Amino acid sequence: MRKKLFTYICSIMLLGFFSISSVFAENTDARTTYAVVWSIDTDDAELFNNTIADHSTEVLELWKNGTIENVYIDSKKTHDVVSKGDTARVMFFIKAKTDEEAKKILDGMPLVKKKAATYTLYPVGSLWLKQF
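Numbers -25 to -1, 1 to 107, taken from mature numbering (1 follows the signal peptide of the UniProt record, and there is no 0), label the letters of the sequence shown in order.
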């Protein structure tokens, strides 16, 4: 009986906690996080590799200001030869209020501007534990 009561009380507390956290998120400048997966959009390795330095600089600046986080690189992949449709070496998470805001940022990046790569956004939500 005590175990059931304890479980019930814990469940109610967790439900209350999650309810409060969603209210808290609505009342703040909360941002949603999106996973960004890049695909190569050219067969021109020279174009891709000439653009990647500017793109990397932009990623670093966005990381420094907190817009981009958790940048992952596949160190086994190289871009000596690129093929349209291949997944690029890097993926990261971007924080934005809406997917339109995220797309606006990403559309301004060098690889997109020069049509060397495209991206796919996957909404992953908010980092709810960090809100408190």
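Glycine residues also receive a C-beta, built at the ideal position from the N, C-alpha and C atoms.
Given the structure is predicted, the values throughout are model-derived calculations rather than measurements.
field: Which of helix, strand or coil DSSP assigns to Q14
entry: To locate residue 14, count along the sequence shown from 1; it is residue 39. Contrary to the premise, residue 14 reads as Ser rather than Gln in this sequence. DSSP places S14 within a strand segment (E or B) once states are collapsed to three.
query: Alpha carbon to alpha carbon, what distance is there between T8 and E76?
result: Counting from one through the sequence shown, the residue named residue 76 turns up at place 101. Counting from one through the sequence shown, the residue named residue 8 turns up at place 33. Spanning the two alpha carbons is a distance of roughly 11 Å.
With 16 other Cβ atoms within 10 Å as the buried cut-off, status of I27: Reading the sequence shown from its first residue, position 52 is the one you call residue 27. Under this definition I27 is a buried residue.
Under the three-state DSSP convention, the category N24 falls into: Reading the sequence shown from its first residue, position 49 is the one you call residue 24. In the structure shown, N24 sits in a helix (DSSP, three-state: H, G or I).
- prompt: Per DSSP, what kind of secondary structure is V57 in: helix, strand or coil?
  reply: Start at 1 with the first residue of the sequence shown, and residue 57 comes out as number 82. In the three-state reduction of the DSSP assignment, V57 falls in the coil class, being assigned neither a helical nor a strand state.
message: Check whether the segment 39 to 49 and the segment 18 to 25 touch, using three or more Cβ-Cβ pairs below 8 Å as the test.
response: Judged by pairs of C-beta atoms under 8 Å, the segment 39 to 49 does not touch the segment 18 to 25, as fewer than three such pairs exist.
query: Quick one: what does DSSP say A77 is sitting in, helix, strand or coil?
result: One-based indexing of the sequence shown puts residue 77 at position 102. A77: helix per DSSP, three-state reduction.
- prompt: How would you write the range of the alpha helix (DSSP H) that K88 sits in, first residue to last?
  reply: Mapped onto the sequence shown, residue 88 falls at position 113. If you look at K88, you'll find it in the alpha helix (DSSP H) that goes P85 to K88.
message: So, for R64: in the same chain, excluding its five sequence neighbours on each side, which residues have a beta-carbon less than 6 Å away from its beta-carbon?
response: One-based indexing of the sequence shown puts residue 64 at position 89. Around R64, the same chain offers I48, D49 and K52 as residues with beta carbons nearer than 6 Å, after the five sequence neighbours per side are excluded.
query: Going by alpha carbons, who is nearest to D19 out of G100, K89, E36 and L96?
result: The residue labelled residue 19 in the question sits at position 44 within the sequence shown. Looking only at G100, K89, E36 and L96, the smallest Cα-Cα distance to D19 is reached by K89.
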